[in-house]
Amino acid sequence: MTIQVKYFASLRDQLGRNQDQLSGSDALTVTQIWSQLWPETPLPPNTLVAVNQEYAELHQPVQDGDEVAFFPPVTGG
Amino acid sequence: MTIEIRETPFDPYAVLAHYQEGMTELQGRYGATASFVGTMRDHNEGSTVTEMILEHYPGMTERHLQHIVAEAQQQWPLLDTLIVHRVGALQPNDTIVLVAVWSAHRTAAFESCRFIMEALKSRAPFWKKEALPAGERWVASNTAG
Chain A
347 MTIQVKYFAS
357 LRDQLGRNQD
367 QLSGSDALTV
377 TQIWSQLWPE
387 TPLPPNTLVA
397 VNQEYAELHQ
407 PVQDGDEVAF
417 FPPVTGG
Chain B
4 MTIEIRETPF
14 DPYAVLAHYQ
24 EGMTELQGRY
34 GATASFVGTM
44 RDHNEGSTVT
54 EMILEHYPGM
64 TERHLQHIVA
74 EAQQQWPLLD
84 TLIVHRVGAL
94 QPNDTIVLVA
104 VWSAHRTAAF
114 ESCRFIMEAL
124 KSRAPFWKKE
134 ALPAGERWVA
144 SNTAG
């Protein structure tokens, strides 16, 4: 399966890139996607998560073709 | 319902007037218009701010603004809503956001405008980065109100 992963704002700056693509055969949760991509980097506290552009919990399972995004608290308006 | 993410500066009052002039089928039906305009300050948390970069998550932003307006429509009898939000590089005094709602009576207009604005600030995926005399910083969280 293939998962598109996106990072925004200060988190993207900290990580040094704005996206990743994750391929594999295992069913994964959002947390597992993070730890596979960033085994040395704990997910920063307060990070928000979206799956297919809807807010999601860290334990949410991710399906093939999904878009997962990690970002800091929002500050629009 | 109209939702627009803009990369260029805009005059919120001209946009509002132009939009309302185009609402020909609603003329005579609305008795209340409430609007909120958010403008960039030249200071934040004790620092001078010279420029601001507004980033968003294309697609998710528009989707969540639509969700927010749909929730407002379920709570109040709204005739129309308009949201215009800037992204990109902003200067002090630039308009950040315009929210306008039209309803038959004032309670729905006042309350839904506030609801939309607060929901936008807490849920719509936008992020602000400020340019200060000493460098840049991401805004960590919105002010309480």
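Protein chains in written order, with the numbering used here: chain A, 347 to 423; chain B, 4 to 148.
The C-beta atom is built at its ideal place from N, Cα and C for all residues, glycine as well.
The continuous beta strand (DSSP E) containing B:Arg9 extends over residues Thr5 to Arg9. With a minimum length of 3 residues, the unbroken runs of beta strand (DSSP E) contained wholly in the region 80-118 of chain B fall at 81-89, 91-93 and 98-106. A contact between stretches requires three or more CB pairs, one per stretch, nearer than 8 Å, and the region 11-30 of chain B fails this requirement with the region 403-414 of chain A. Only residues of its own chain outside the window of five on either side were considered, and among them Val52, Thr53, Glu54, Met55 and Ile56 have a CB closer than 8 Å to the CB of B:Ala134, listed in chain order. Going by DSSP, A:Gln367 is part of the beta strand (DSSP E) stretching over Gln365 to Ser369. In chain order, Leu389 place their CB closer than 6 Å to the CB of A:Trp380, counting only its own chain and leaving out the 5 sequence neighbours on each side. In this structure the region 76-88 of chain B touches the region 99-113 of chain B; the number of beta carbon pairs closer than 8 Å is three or more. CA-CA distance, A:Gln406 to A:Glu400, rounds to 12 Å. Secondary structure note for B:Trp141: its beta strand (DSSP E) is the uninterrupted segment Gly138 to Trp141.
Less than 8 Å separates the beta-carbon of A:Val420 from that of B:Phe129.
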